[in-house]
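Participant: In UniProt numbering, the protein residues as written are 1 to 312.
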Amino acid sequence: MFKTALVTGGNGNLGRLVAQNLEAMGTRVVSFDLPGSEGPHCDPRHAVVLGDMRDQSLLEDTLATHKPDVVIHLASMLSGSSEANPELAWDVNASSSIRLMRHCLDRNIGPFFFASTAATYGPDLASPVALNTPQWPENIYGATKVAVERMGVYLKLKQGFDFRCLRFPMVLSPSAPAGAMTAYPSHAIAAAARGDTFVMPVAPDTGMSTLYLNDVTRSIVEICSAERAALTQHAYNLHSFMFTAQDLVEAIQSRFPGFSCTFTSGSPTDDLILRWPDVFDDSAARADWGWAPHYDFDATIEALVQFANAQR
Ligand SMILES: NC(=O)c1ccc[n+]([C@@H]2O[C@H](COP(=O)([O-])OP(=O)(O)OC[C@H]3O[C@@H](n4cnc5c(N)ncnc54)[C@H](O)[C@@H]3O)[C@@H](O)[C@H]2O)c1
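#1: Cβ of Ala5 within 7 Å of Cβ of Thr27?
#2: In whole angstroms, give me the CA-to-CA distance for Asp247 and Ser76.
#3: Which value, in whole angstroms, describes the spacing of the CA atoms of Ala203 and Phe297?
#4: How many Å lie between Pro123 and Ala285 at the Cα?
#5: For Ser209 versus Met242, is the C-beta distance shorter than 7 Å?
#6: Any chance you could list the residues with Cβ under 5 Å from a heavy atom of ligand 1, keeping chain order?
#7: Just the C-alpha distance for Gln311 and Pro174, rounded to the nearest angstrom, thanks.
#8: Using the Cβ count rule (16 or more neighbours within 10 Å means buried), how would you classify Ala176?
#9: According to DSSP, what are the bridge partners of Gly207?
#10: Quick one: give me the first and last residue of the alpha helix (DSSP H) that Phe307 is part of.
#11: Just curious, the beta strand (DSSP E) that Leu50 is in, first and last residue?
#12: Look up Thr62 in the DSSP assignment and say whether it is helix, strand or coil.
#13: Just to confirm my understanding: we take Phe256, look at its own chain, exclude 5 residues before and 5 after, and list those with CB closer than 6 Å. What are they?
#14: Which same chain residues, not among the five before or five after Pro128, have their C-beta less than 7 Å away from its C-beta?
#15: Using CA atoms only, rank isn't needed, just tell me which of Leu213, Val305 and Asn237 is closest to Val249.
#16: Do you know how far the Cα of Trp289 is from the Cα of Thr244?
#17: Is it buried or exposed, Lys67, if we count other Cβ atoms within 10 angstroms and call 16 or more buried?
#18: Which residue wins for smallest C-alpha separation from Ser265, given the options Val29, Thr206, Val71 and Met101?
#19: From the DSSP secondary-structure annotation, give me the bridge partner or partners of Asp91.
#20: Relative to the C-alpha of Ser97, which residue among Val71, Ser79, His41 and Thr120 is closest?
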């Protein structure tokens, strides 16, 4: 297993759990994240470096000081904030990531994991979306992720960089950021647990390919731990299940019978999710490194309900 892992975005939603998973395996974790993002990290060996991905000298110092043998690069502006400031998104998500990869290559550090997204594919594709489907995203978030994928693959082919990449679909998480467009399922469950009504930002039939947070964080550790020779692809799609807003309401009502909500057709969130694929072909991940989701729709709802009940 790894001795020391650098997790950029280590105070984020995925980063905290990835750090816990690695620490449970005996790896020392160094989190790199923005000042103000600090959160609880339980392992006494955990180190936190606060800074901006654009501060390349701090990143170089961090690599030199902590000498990680794996880098898990999760720091990113997400889709909403990227669209609000495309130039900054390019700087943080694309340029800074590419510079970090070059620093890692110079120091012979690898594996280097990059968190990409199903949003790299662009809208209106038929399901299941094959791994080699051309990536033509319409939003800047997806475009920055494609840029890093391309440079990662280039450095891998030309200079032997150990670049590993997963494209995640919608990730359901108990502690989803309030502003995330795809956070409405967790927020609906939290509302139901409080006895509140809820306005779904989507129409009843709207849904897309989804994974539960714990499967996502486990997949990151698994692909980093896989034998390099077993990875026949530069990047992998993952998928667990698709559910509609109506499926969600029925699942909530079976646990909170008094729950009621309204739906919203044609909102930006509805448009986004409606146009994203229902299924991504993840057969290469299954074949190469044994990927298999542990959480189906029911298990995911159960986990979210348990979390929401514990918060009451
Ligand atoms: N959650 C999803 O649905 C999803 C889906 C596909 C891909 N991803 C990718 O997974 C990764 C982690 O996502 P998440 O859900 O944990 O998001 P998150 O917002 O919780 O975590 C991202 C972290 O990056 C940090 N960050 C942002 N800008 C930074 C900067 N300039 N310098 C340093 N740190 C910075 C933030 O402070 C945050 O802690 C991201 O790369 C994201 O694009 C997430």
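By construction, the Cβ of each residue, glycine as well, lies at the ideal position given by its N, Cα and C atoms.
Facilitator: Let me lay it out:
#1: yes
#2: 31 Å
#3: 19 Å
#4: 23 Å
#5: Met242 is positioned such that its CB atom lies closer than 7 Å to that of Ser209.
#6: Counting only heavy atoms of ligand 1, the residues whose C-beta sits closer than 5 Å to one of them are, along the chain, Gly9, Asn11, Gly12, Asn13, Leu14, Asp33, Leu34, Ser37, Asp52, Met53, Leu74, Ala75, Ser76, Val92, Ala115, Thr117, Phe168 and Val171.
#7: 10 Å
#8: Buried: at least 16 other Cβ atoms inside 10 Å.
#9: Thr244.
#10: Phe297 to Gln311
#11: Ala47 to Leu50
#12: helix
#13: Ala192
#14: Excluding positions up to five away in sequence, the list reads Val279, Phe280 and Asp281.
#15: Val305
#16: 30 Å
#17: It is exposed - the Cβ of Lys67 has fewer than 16 other Cβ atoms within 10 Å.
#18: Thr206
#19: Paired residue(s): none; Asp91 is not in a bridge.
#20: Val71
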